[in-house]
Amino acid sequence: MRHLFPFLLLIGILIVPLGAQPVKDSLQSEIRLRTFVESENVPLNGEVVYHVELTWPGELGDYKISEIKEPLINNLATRGSGSSNRVTSGADGRVRSVKEITFYFTPLEIGMAYVDGVTITYEDIQSGKTESLISARIGVKITDPLPDPSENSGFGNLASILAIVGMAALAVYFFMRFKRRQREQQELALHEVVETIEEKYLRMLKETIHLNSANYKDSLSDLAHLLSGYMSERFQIQPLSLNEKELNTVLNETELSGESLSKIIDFYSRVNLVRFAGEAATETDFHQLYDTVEYFFEKQKSRIKQEDR
942 MRHLFPFLLL IGILIVPLGA QPVKDSLQSE IRLRTFVESE NVPLNGEVVY HVELTWPGEL
1002 GDYKISEIKE PLINNLATRG SGSSNRVTSG ADGRVRSVKE ITFYFTPLEI GMAYVDGVTI
1062 TYEDIQSGKT ESLISARIGV KITDPLPDPS ENSGFGNLAS ILAIVGMAAL AVYFFMRFKR
1122 RQREQQELAL HEVVETIEEK YLRMLKETIH LNSANYKDSL SDLAHLLSGY MSERFQIQPL
1182 SLNEKELNTV LNETELSGES LSKIIDFYSR VNLVRFAGEA ATETDFHQLY DTVEYFFEKQ
1242 KSRIKQEDR
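This is the structure in structure tokens:
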């Protein structure tokens, strides 16, 4: 019996907690109050943001929080307020609730401003116990106002306008320059003189046949080939490949007549004498035949222009 009593006592100790109701740990039931401002130095044209934060372990419904009234303030004016509730989970997996009320105040004067402490009353829903929490007074230094961005908006707008005007002016300048060049090119194309066959051979006569050449025979041959090139291009005939009779027949079938026709027939007759009869070409012969070709080209040029009008 003496040994049985300690055993029964141990059994009783183990059985009693199993029938008892669970009670919240006092540490778990505690609500913590924290008040703070986002900045302790606020410009006169700024805003004082004041936070009241309540946190406790457990669900939001574990406590009934009394209405949190606006704190007394000095050198400040109320602009508004807002509140939020949230539930978080810690690293240990325990639930934690947060209730936050935020007040927004506008500074009145440069100097010190104060937000008095708030009194929070809450009731533990399970135990019915009511308690209160009081926060400390917080001071905020109100400093000189910051420059108003709108004061520089005029300059900024002016700079923007000037930049836009400058870009537009550049765009207009380059557009007008492009249009002017385009117009000049069009006018140049309209006024560009198309070189006629006669003008081309007149130019070639002056560029390729030189009057100061000492080799009159070769120069005369070049002159004959130049004129034959013209006759081929204008009348589709090859004078140098025809005899005198054939040439006269072909030339008479062209639009040439009068003085021009006789000069061309005379030119090829004298050239053939040098080419086939072995006559020497003198300076006088060469100059006269050169003048004949030049005169013929000029006359043909005038005639063609008159026909084109």
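So the number in our numbering is just where the residue sits in the sequence shown, counting from 1, plus 941. Where is the CB? At the ideal position from N, CA and C, for every residue including glycine. No experiment lies behind these values; they were computed from the predicted model shown.
Going by other Cβ atoms of all chains shown within 10 Å of its Cβ, with 16 needed for buried, is residue i buried or exposed?
| i | result |
| --- | --- |
| P1048 | buried |
| I1066 | exposed |
| L1099 | exposed |
| L1103 | exposed |
| Q1241 | buried |
| I1105 | exposed |
| F1217 | exposed |
| E1139 | buried |
| E1174 | exposed |
For residue i, which residues from the same chain have a beta carbon less than 7 Å from its beta carbon, with the 5 sequence-adjacent residues on both sides left out?
| i | result |
| --- | --- |
| F1176 | T1195 |
| A1165 | L1181, V1212 |
| L1013 | D1057 |
| Q1247 | none |
| V1059 | T976, V993, I1009, P1012, S1076 |
| G1031 | R1037 |
| V1191 | I1178, L1183 |
| S1169 | Q1179, P1180, L1181 |
| S1025 | E1041 |
| S1101 | none |
Take residue i and list the residues in its own chain whose beta-carbon comes closer than 6 Å to its own, dropping the five residues that flank it on each side.
| i | result |
| --- | --- |
| T1062 | S1007, S1073 |
| E994 | R975, E1041 |
| E981 | V1081 |
| S1243 | none |
| E1064 | K1005, T1071 |
| L1197 | none |
| E1220 | L1214 |
Please name the residue, chosen from the options, that lies closest to residue i on a Cα-to-Cα basis.
| i | options | result |
| --- | --- | --- |
| V990 | T1019, P998, D1003 | T1019 |
| L1167 | L1143, K1158, L1188 | L1143 |
| G1002 | I1009, R1244, V1039 | V1039 |
| R1035 | G1023, A1222, W997, S1068 | W997 |
| K1141 | R1027, I1075, S1025, F1238 | F1238 |
| D1159 | A1222, G1170, L1192, V1106 | A1222 |
| V1215 | Y1157, Y1236, S1198 | Y1157 |
| F1227 | Y1209, K1240, R1244, Q1241 | Y1209 |
| I1206 | A1218, A1112, E1224, M1172 | M1172 |
| G1023 | G1031, D1033, F1044, N1015 | F1044 |
| E1000 | E979, N1015, T1029 | T1029 |
| E1050 | S1198, E1235, L1017 | L1017 |
| S1068 | E1139, E1128, E1136, Y1004 | Y1004 |
| E1136 | I1245, L1202, E1125 | I1245 |
| E971 | N1026, G1199, R1027, K1070 | K1070 |
| G1021 | D1033, F1046, R1027 | F1046 |
| M1145 | A1155, D1163, N1015 | D1163 |
| T1225 | L1202, G1199, R973, A1155 | A1155 |
Leaving out five residues before and five after residue i in sequence, what residues of the same chain have Cβ atoms less than 8 Å from its Cβ?
| i | result |
| --- | --- |
| L1087 | P984, N986, G987 |
| A1110 | none |
| V978 | V989, V990, Y991, H992, V1056, I1079, V1081 |
| Y1236 | K1204 |
| N1189 | I1206 |
Mind the definition here: the segment 1172-1188 touches the segment 1106-1119 only if three or more C-beta pairs lie below 8 Å; say whether that holds. Touching, no.
What are the uninterrupted segments assigned as beta strand (DSSP E) that are 3 or more residues long and contained completely in the segment 1038-1092, given in chain order? 1052-1056, 1060-1065, 1071-1075, 1079-1084, all fully within the segment 1038-1092.
Report yes or no: do three or more beta-carbon pairs, one from the segment 1069-1085 and one from the segment 1054-1061, lie closer than 8 Å? These segments touch.
Can you list the alpha helix (DSSP H) stretches of 4 or more residues lying completely in the segment 1166-1209, in chain order? Complete alpha helix (DSSP H) runs here, min 4: 1185-1193.
With a threshold of 8 Å, are at least 3 pairs of Cβ atoms found where one atom belongs to the segment 1229-1244 and the other to the segment 1142-1151? Counting C-beta pairs closer than 8 Å gives three or more between the segment 1229-1244 and the segment 1142-1151, which meets the contact rule.
Entirely enclosed beta strand (DSSP E) segments - the segment 965-1034, minimum 3 residues: Restricted to the segment 965-1034, the beta strand (DSSP E) segments that are unbroken, complete and at least 3 residues in length are 973-978, 982-984, 989-998, 1004-1006, 1017-1030, listed in chain order.
Residue ranges of each alpha helix (DSSP H) within the segment 1097-1157, 4 or longer: Secondary structure remark: continuous alpha helix (DSSP H) runs of at least 4 residues inside the segment 1097-1157, in chain order: 1138-1149.
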